[in-house]
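Input: a single structure, listed below in structure tokens.
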Amino acid sequence: MRGLRAQVASFDRPARLLMANQFAINLGFYMLMPYLADHLAHGLGLAAWAVGLVLGVRNFSQQGMFLIGGTLADRYGYKPMILTGCVLRTAAFGLLAVAGSLPALIGASALTGLAGALFNPAVRAYLAADAGEERRVAAFAAFNVFYQAGILVGPLAGLALLAWDFAAVCTVAATVFGVLAMLQARALPARAPADRGAEPAWRAVAADWRTVVANRPFLLFTAAMTGSYVLAFQVYLALPLRARALFGDRTGMVTGAVFAVSALAALSGQLRLTTWAQRTLAGPQAIAYGLMVMGAAFAPLLPGPYPGTLGRTASVLALVLCAALLAWGGALLYPFEMDTVVRLSGDRLVATYYGAYNTVSGIAVFLGNLAVGALFDTGVRWLPWAVLAATGLGCAWLVTRLHRAGHLAAGPAPVPG
């Protein structure tokens, strides 16, 4: 904790604010979202398809709009998009507190996703710009500690508020974002966007997107990294499925322990792993090592599950070990991954690049989850874990190949004529 305080104190005020803001963003989001599906199904009595629709709209509106959000941030400034996102999420969570009809719930869900699409690329681009080239990796390492802390504390706060009702959870979450918007409006310095001249907005945006699409090293790196997002998401999909196979309907405690271990592992290991990697590895090597650790995380799950009390205990330990290794692998690669995106952009249109990167990653998670679900449906117990492990190793090999071929070296992004 002392090391984190010293690390955070070494940055300028905007970077410190962005880190604290990210904790508050995740606190407000995760105190509500883990309990939304249960509220929709049991509190409001919606059919399963309607629950899926509401949750799907949130995911689609966020992942599908990341590129738009990043483009707007580059054109109009980072701070306006951060504030707009927080205000929209305040309204969305307030609406969820009172919404009882499907159209209102869909509207609130869409606003929730759009808010994330607006402030996520802007926050990362702002942090990268404020930290500078020399300190970007360290800034993103500290940022991820605050990010994971919000994920850890948010669900616990939401669970406590559920002792009243779901409306109380929504109201407090909305208040968090409302207060956050007011504080950032006063305390977060504005960064002027790049001068775009008198060119029409639509033409400038089209040129920006052509620049991203023409940046072959960025596209290759983005494709190679999609597997890391598929693997990280298995804390929400594959690991709970294994827990259900072990405990049937009594999976809550095990799933909660898996989430807690994942967050605590990332919190405890982030700064140490980043310091070690900066001292001993090049950035792409750190990313490749992180991917290998994430792939290896699924190896303990290959043999089981075993019957009996002893076998069940071993299976739970394998789940916990998998969650910890996934978190450590992600913590190792994350700061260098974020730094690589900035370097491949040539420090130009950074928010747009982050938006494009997140959009592709979201599509990959969607398709990857369909594939993982299909693997579980085969009934071959070892197959999903073997494929997930191979995915991590394969992505590590791709990043290594890109590094050796010189594609991940810093350089200006191409600008089409």
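Heads up, the sequence shown is in this note's numbering, so the first residue is 54 and it goes up one at a time.
Even glycine gets a Cβ: it sits at the ideal position worked out from N, Cα and C.
Checklist entry - Helix or strand or just coil, what does DSSP make of E390? => result Helix, per DSSP.
Next on the checklist: What does the alpha-carbon distance come out to for the pair A380 and R58?
Outcome noted: If I take the Cα positions, the gap works out to 22 Å.
Item to check | Residues of its chain near A226, where Cβ-Cβ distance is below 7 Å and the 5 sequence neighbours each way are ignored | outcome: Once the five neighbours on either side are set aside, the close Cβ partners of A226 are G81, M84, L85 and F146.
Checklist entry - Count the other CB atoms within 10 Å of the CB of W438; is the residue buried (16 or more) or exposed (fewer)? => result Around the beta-carbon of W438, 16 or more other beta-carbon atoms lie within 10 Å, marking it buried.
Checklist entry - For C139 versus A234, is the C-beta distance shorter than 8 Å? => result The beta carbons of C139 and A234 sit closer together than 8 Å.
Checklist entry - Between which two residues does the alpha helix (DSSP H) harbouring G147 extend? => result Going by DSSP, G147 is part of the alpha helix (DSSP H) stretching over Y131 to V151.
Next on the checklist: Whole angstroms are fine: how far does the CA of V229 sit from the CA of L317?
Outcome noted: Rounded to the nearest angstrom, the gap between the Cα atoms of L317 and V229 is 23 Å.
Next on the checklist: Between L149, T279 and A163, which has its C-alpha nearest N411's C-alpha?
Outcome noted: Just measuring C-alpha positions, the residue of L149, T279 and A163 sitting nearest N411 is T279.
Checklist entry - So, is P242 buried or exposed, given that buried needs 16 or more other C-beta atoms within 10 angstroms? => result Within a 10 Å sphere around the beta-carbon of P242 sit fewer than 16 other beta-carbons, which makes this residue exposed.
Item to check | Nearest candidate by alpha-carbon position, reference F119, set P133, V198, T224 and V413 | outcome: Closest by alpha carbon: V413.
Checklist entry - CA-CA distance, L97 and L171? => result Cα to Cα, L97 sits roughly 29 Å from L171.
Checklist entry - By DSSP, does T453 sit in helix, in strand, or in coil? => result Looking at T453 - three-state DSSP - the assignment turns out to be helix.
Next on the checklist: Looking at A339: is its Cβ nearer than 8 Å to the Cβ of F389?
Outcome noted: With respect to the 8 Å criterion, A339 and F389 are classified as neighbours on the basis of their beta carbons.
Item to check | Residue environment, L320, which counts as buried when at least 16 other CB atoms sit within 10 Å | outcome: For L320, the number of other beta carbons within 10 angstroms of its own is at least 16, and it is reported as buried.
Next on the checklist: Using 8 Å as the threshold, is the C-beta distance between A195 and Q60 below it?
Outcome noted: Closer than 8 Å, so yes.
Item to check | Span separating the alpha-carbon of A417 from that of L299 | outcome: Spanning the two alpha carbons is a distance of roughly 28 Å.
Checklist entry - Rounded to whole angstroms, how far is the Cβ of A220 from the Cβ of A150, which I believe are closer than 8 Å? => result With 8 Å as the limit, A220 and A150 qualify as a contact, their Cβ atoms being about 4 Å apart.
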